[in-house]
Amino acid sequence: MPELPEVETIRYYLDHVLPGQKVHKVLHIDPRMVKTGSLSAEEIARRLPGHVVKSIKRRGKFLFLEWETQDHLLIHLGMSGRLIWIQNHEPWALHTHLVLDFEENQLRLIDPRRFGRIGWIDRGVELVPHLGTEPLSADLTSQFLVKRLQGRQAPIKSLLLDQSIIAGLGNIYVDESLFRAKIRPDRPGGSLEPREIKRLVRSIRRVLQEAIEHRGTSFSDYVDALGHPGQNQDYLMVYGRNQAECRVCGQPIVTKVIQGRTSHFCLHCQK
DNA sequence: TTAACTACCTGTTCGC
DNA sequence: TGCGAACAGGTAGTTA
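Numbering follows this note's numbering, in which position 158 of the first sequence is assigned residue number 241; successive positions increment by one, without gaps.
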């Protein structure tokens with residue numbers, strides 16, 4: 084499930100190989116994946132050939148291929164999406180929904196569950212205006228989060244998953260951040276004290292930075308742009324460790340469903 | 001405005 | 001062994 088560190092890992096690699104490359108053909112684009120933007124799948128396929136990649140951007144969990152025309156192709160990987168840069172003679176995987184042919188290599192989107200999305204964003208249009216602050220930018224401060232959590236009754240877990248507050252966190256990194264900050268995921272957001280929020284901000288940054296250094300977390304679907312799994316799953320403290328011993332106190336990690344999301348935490352370490 | 005719920009989707013796991 | 005049900009979860013839309 085690609086969250087910010089996984090998407091950033093893909094972006095980082097693609098930004099080394101894609102700029103300057105010209106789209107030769109759009110070999111395949113699944114209309115069911117085009118769920119946003121100003122053009123249909125057919126129109127994107129007609130428009131793209133000849134376009135040259137200028138840069139690869141990321142905002143939250145969204146990736147953008149910026150063209151020299153300053154239009155953008157939005158790609159979201161959803162739950163199970165993979166975006167790979169691969170030689171064009173390699174056979175297509177099952178569930179391949181987008182194939183951009185750059186003559187020698189192809190950029191392919193593979194997404195078994197089809198929760199991902201593709202869209203065309205015209206030049207000058209704001210990319211994803213509804214997204215909240217970038218957690219690794221200077222905009223995420225404890226003062227910002229204090230303000231956003233004030234008076235909120237929803238569990239802190241749900242509020243951290245809300246992309247309009249902080250963009251890029253998903254189930255894994257919210258659980259990990261809350262563990263590091265020693266905060267239970269079912270606490271109402273508005274009940275957090277300023278010192279806890281300060282700790283939470285520090286934890287979010289550290290968890291995300293470490294996950295990027297480990298090239299993301301691979302449980303089932305995620306691989307980077309070269310098809311390699313990440314390593315961060317070896318460093319997780321709570322996520323996916325139901326009933327395992329807490330690495331800090333030795334008590335069993337427990338799970339609880341909060342707003343439809345399985346949350347992992349330690350009853351002893353998190354208050 | 002906020003909180004909770006639902007649809008989308010398919011591979012995997014579990015129980016019978 | 002095979003089948004069906006339940007589960008996993010990010011986003012956007014709906015409802016109260």
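Virtual Cβ for every residue (Gly too), placed ideally from N, Cα, C.
When DSSP states are grouped into helix, strand and coil, residue 342 belongs to the coil group.
By alpha-carbon distance to residue 90, the top candidate from 115, 147, 136, 133 is 147.
Bounds of the alpha helix (DSSP H) holding residue 263 are 254-263.
Within 10 angstroms of the beta-carbon of residue 208 lie fewer than 16 other beta-carbons, which makes it exposed. The three-state reading of DSSP puts residue 174 in coil, since its state is none of H, G, I, E or B. In this structure, the CA atom of residue 300 is about 15 Å from the CA atom of residue 289. DSSP places residue 92 inside the alpha helix (DSSP H), whose first and last residues are 87-100. Nearest Cα to residue 92 within the set 319, 181, 313, 101: 313. Annotated three-state conformation of residue 315 is helix, per DSSP. The secondary-structure analysis by DSSP pairs residue 184 across a beta bridge with 108, 189.
Sequence-distant partners of residue 353 (beyond 5 residues in either direction) whose C-beta falls short of 7 Å from its own C-beta, in its chain, are 261, 262, 265, 266, 267.
No alpha helix (DSSP H) of 4 residues or more sits fully in the stretch 141-175.
With a cutoff of 8 Å on beta-carbon distance, residue 131 and residue 106 are scored as near each other. In this structure, residue 348 sits near residue 337, with a CB-CB distance shorter than 8 Å. As the crow flies, the alpha-carbon of residue 190 is around 43 Å from that of residue 270. The closest CA to that of residue 236, considering only 95, 250, 124, 342, is found on 342.
Remark: C-beta atoms of residue 222 and residue 154 do not approach each other more closely than 8 Å.
One thing to note: residue 116 has its Cβ within 8 Å of the Cβ of residue 180. In the structure shown, residue 284 adopts helical secondary structure according to DSSP, grouped into three states.
Taking the C-beta atoms as reference points, residue 114 is found no nearer than 8 Å to residue 163. Excluding its 5 nearest sequence neighbours in each direction, residue 176 has C-beta neighbours in its own chain below 7 Å: 193, listed in chain order.
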